[in-house]
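Participant:
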Amino acid sequence: MSTSVKKQLIAALFEANNEFLSGQALAEMIGCSRTAIWKQIEELRKSGFEIEAIRKKGYRIIHKPDQLSENEILMGLETSVLGRNILYFDTIDSTQNKANEVARMDAPEGTIVIAEEQTSGRGRMAREWHSSKHKGIWMSLILRPQLPPEKAPQFTLITAIAIARAIEEVTGKEPEIKWPNDILFHGKKMTGILTELHSEADKINFIIIGIGLNVNQEMPDFPEEVREIATSLAIENGKKVSRVILLQHILKNFEKYYQLYLEKGFGTLKVIWESYVTSIGKSIIARTISGEIVGKALGITEEGVLKIQDAEGQIHYVYSADIEI
Ligand code: BTN
1 MSTSVKKQLI
11 AALFEANNEF
21 LSGQALAEMI
31 GCSRTAIWKQ
41 IEELRKSGFE
51 IEAIRKKGYR
61 IIHKPDQLSE
71 NEILMGLETS
81 VLGRNILYFD
91 TIDSTQNKAN
101 EVARMDAPEG
111 TIVIAEEQTS
121 GRGRMAREWH
131 SSKHKGIWMS
141 LILRPQLPPE
151 KAPQFTLITA
161 IAIARAIEEV
171 TGKEPEIKWP
181 NDILFHGKKM
191 TGILTELHSE
201 ADKINFIIIG
211 IGLNVNQEMP
221 DFPEEVREIA
231 TSLAIENGKK
241 VSRVILLQHI
251 LKNFEKYYQL
261 YLEKGFGTLK
271 VIWESYVTSI
281 GKSIIARTIS
291 GEIVGKALGI
301 TEEGVLKIQD
311 AEGQIHYVYS
321 ADIEI
């Protein structure tokens, strides 16, 4: 009951667009008592909302906290599927673990698991992913495309494009994409993507796309060992960024590109991806689990696999690696 009163109260106060709404009017709109309204106003204040209250006029929101809660995300979200089912946690070990768990229990396509903080965030190659509280977007998205498993690497690239576009829309700054899964500014990593696939021999059951996006960290917020190689959007942008707005843009772009991909295939997206990418045409070192490949990055295949030509002219197809440019 009170969660739903709270949701409706936030929606009503936002829709009032800075106008005051009286306790009585709110109670009638929501269908509860004035005492219930007053209690929820107090709850909202405790969770960081600044709400002005004036006798005979009522209430209005002055400031809402930059929280990634379900209400905040849903308000103003322009998608039909992605992000419509939200599992929000203040603290969690890893959103990726939770998403795996709920995907096995039939969580619908587009479900997102999101947390203010992760205590055991996971990166690629079993690395730790530092996920400090309220500073970033730590999220896992569940998709259920009816496709063969070999298409899975393309999802990392679709994710990267959706994030890059969202960053441009929100900040006006253009990031670089480093194959397969990093988003950088001036050579420093701002976002990592961890795509995990659950499939049968010929079809995908579900894909979990983990996104770790450094949004509002200042340099001291990063552990010392990554300060040389990591950055945040706030550092690059010179000011803080609303995580909610950024997330809404990511989901909107993701849904658009995902639909385009399902309808038309990877071709159009490959062109967009290449417009952001920094490593193509350059000499690179690809560190894979089976060893290093040194050569020139030629581009990606239609499946999203990296093509490298070594000094002997031999072409290598790389599915997963750390790239050094
Ligand atoms: C990388 O190594 O670049 C990928 C990092 C992915 C981190 C994200 S944060 C949300 C999700 N939960 C995790 O534990 N990992 C991913």
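When we follow UniProt numbering, the leftmost residue of the sequence shown carries the number 1, and every step to the right adds one. Yeah, the Cβ is synthetic: ideal placement off N, Cα and C, and Gly gets one too. Bear in mind that the values here come from a model prediction, so they are computed numbers and not experimental data.
1) With which residues is valine 277 paired in a DSSP beta bridge?
2) Return the chain-ordered ranges of every alpha helix (DSSP H) run that is complete within the region 45–91 and spans a minimum of 4 residues.
3) For tryptophan 138, which residues does DSSP report across the bridge?
4) Take the Cβ of leucine 262 as the centre, count every other Cβ of all protein chains shown within 10 Å, and call the residue buried at 16 or more, exposed below.
5) Considering only the alpha carbon of each residue, which of Lys239, Ser199 and Ile54 lies closest to leucine 21?
6) Taking the alpha-carbon positions, what's the methionine 1 to histidine 134 distance?
7) Which residue or residues does DSSP assign as beta-bridge partners of phenylalanine 206?
8) Closer than 7 Å to a non-hydrogen atom of the ligand BTN - does that hold for the CB of glycine 192?
9) Give the DSSP bridge partners of glycine 172, in chain order.
10) Do you know offhand how far glycine 295's Cα is from arginine 124's?
11) Under 8 Å, do leucine 147 and isoleucine 204 count as touching if we go by C-beta distance?
12) The ligand BTN and asparagine 205: does any heavy atom of the ligand fall closer than 7 Å to the residue's C-beta?
13) Report yes if the C-beta distance between glutamate 117 and threonine 91 is below 8 Å; otherwise report no.
14) Can you check whether the CB of isoleucine 37 is closer than 8 Å to the CB of phenylalanine 49?
15) Look up serine 283 in the DSSP assignment and say whether it is helix, strand or coil.
16) What does DSSP give as the partner residue(s) for glutamine 309 in the beta ladder?
17) To the nearest angstrom, how far is the alpha carbon of glycine 238 from that of phenylalanine 14?
18) Can you give the Cα-Cα distance for threonine 35 and isoleucine 207, rounded to whole angstroms?
19) Ends of the beta strand (DSSP E) at leucine 147?
20) Look at isoleucine 114 and methionine 75 and say whether their C-beta atoms are less than 8 Å apart.
21) Using the C-alpha atoms, what's the distance from glutamate 292 back to isoleucine 300?
22) Short check: CB of isoleucine 250 to CB of isoleucine 163, under 8 Å?
23) Could you check whether glutamate 255 and threonine 119 sit closer than 8 Å to each other, using their CB atoms as the reference points?
Facilitator: The relevant details are as follows:
1) The count along the sequence shown starts at 1 and reaches residue 277 at position 277. Beta-bridge pairing links valine 277 to Ile177.
2) With a minimum length of 4 residues, the continuous alpha helix (DSSP H) runs that stay inside the region 45–91 are 70–74.
3) Numbered from 1 along the sequence shown, position 138 holds the residue referred to as residue 138. For tryptophan 138, which the question treats as bridged, DSSP gives the partners Ala115 and Gly212.
4) Start at 1 with the first residue of the sequence shown, and residue 262 comes out as number 262. The Cβ neighbour count for leucine 262, taken over all protein chains shown within 10 Å, is under 16; the residue is labelled exposed.
5) As a first step, residue 21 is located in the sequence shown; it is residue number 21 there, counting from the start. Among Lys239, Ser199 and Ile54, the Cα nearest to that of leucine 21 belongs to Ile54.
6) Within the sequence shown, residue 1 is the residue found at index 1, counting from 1. Within the sequence shown, residue 134 is the residue found at index 134, counting from 1. Any reading at methionine 1 must be qualified, since the residue scores a pLDDT of 45, below 50, and its modelled position is unreliable; the value itself is stated next. Roughly 27 Å between the two C-alpha positions.
7) In the sequence shown, counting from the first residue as 1, residue 206 sits at position 206. His198, per the DSSP bridge assignment.
8) Working through the sequence shown from its first residue, we reach residue 192 at position 192. Flag set: Cβ of glycine 192 near the ligand BTN.
9) What you label residue 172 is simply residue 172 of the sequence shown in a count that begins at 1. The partner list for glycine 172 (beta bridge, DSSP) is empty, contrary to what the question assumes.
10) Indexing the sequence shown from 1 puts residue 295 at position 295. Indexing the sequence shown from 1 puts residue 124 at position 124. C-alpha separation (whole angstroms): 23 Å.
11) By one-based count along the sequence shown, residue 147 stands at place 147. By one-based count along the sequence shown, residue 204 stands at place 204. At a Cβ-Cβ threshold of 8 Å, leucine 147 and isoleucine 204 count as neighbours.
12) Residue mapping note: residue 205 aligns to position 205 of the sequence shown, counting from 1. Flag unset: Cβ of asparagine 205 not near the ligand BTN.
13) Residue numbering aside, residue 117 sits at position 117 when the sequence shown is read from its first letter. Residue numbering aside, residue 91 sits at position 91 when the sequence shown is read from its first letter. Yes; because the gap between Cβ atoms is below 8 Å, this pair is in contact.
14) Mapped onto the sequence shown, residue 49 falls at position 49. Mapped onto the sequence shown, residue 37 falls at position 37. In this structure, the beta-carbon distance from phenylalanine 49 to isoleucine 37 does not fall below 8 Å.
15) Translated into positions along the sequence shown, residue 283 becomes position 283. Note: serine 283 maps to strand in three-state DSSP.
16) Here residue 309 corresponds to residue number 309 of the sequence shown, with the count starting at 1. Note: glutamine 309 is bridge-paired with Lys296 and Ile315 in the DSSP secondary-structure output.
17) Here residue 238 corresponds to residue number 238 of the sequence shown, with the count starting at 1. Here residue 14 corresponds to residue number 14 of the sequence shown, with the count starting at 1. If you take the alpha carbons of glycine 238 and phenylalanine 14, they lie about 28 Å apart.
18) Translated into positions along the sequence shown, residue 35 becomes position 35. Translated into positions along the sequence shown, residue 207 becomes position 207. Looking at the two C-alpha atoms, the distance is approximately 45 Å.
19) As a position in the sequence shown, residue 147 is number 147, starting the count at 1. Here leucine 147 belongs to no beta strand (DSSP E), and DSSP marks it neither H nor E.
20) Within the sequence shown, residue 114 is the residue found at index 114, counting from 1. Within the sequence shown, residue 75 is the residue found at index 75, counting from 1. Cβ distance not < 8 Å, so isoleucine 114 and methionine 75 don't count as in contact.
21) Residue numbering aside, residue 300 sits at position 300 when the sequence shown is read from its first letter. Residue numbering aside, residue 292 sits at position 292 when the sequence shown is read from its first letter. Taking the straight line from one Cα to the other gives about 18 Å.
22) Taking the first residue of the sequence shown as position 1, residue 250 is located at position 250. Taking the first residue of the sequence shown as position 1, residue 163 is located at position 163. Cβ atoms of isoleucine 250 and isoleucine 163: closer than 8 Å.
23) Locating residue 119 in the sequence shown gives position 119, counting from the first residue. Locating residue 255 in the sequence shown gives position 255, counting from the first residue. It is not a contact, given that the beta carbons lie outside the stated cut-off.
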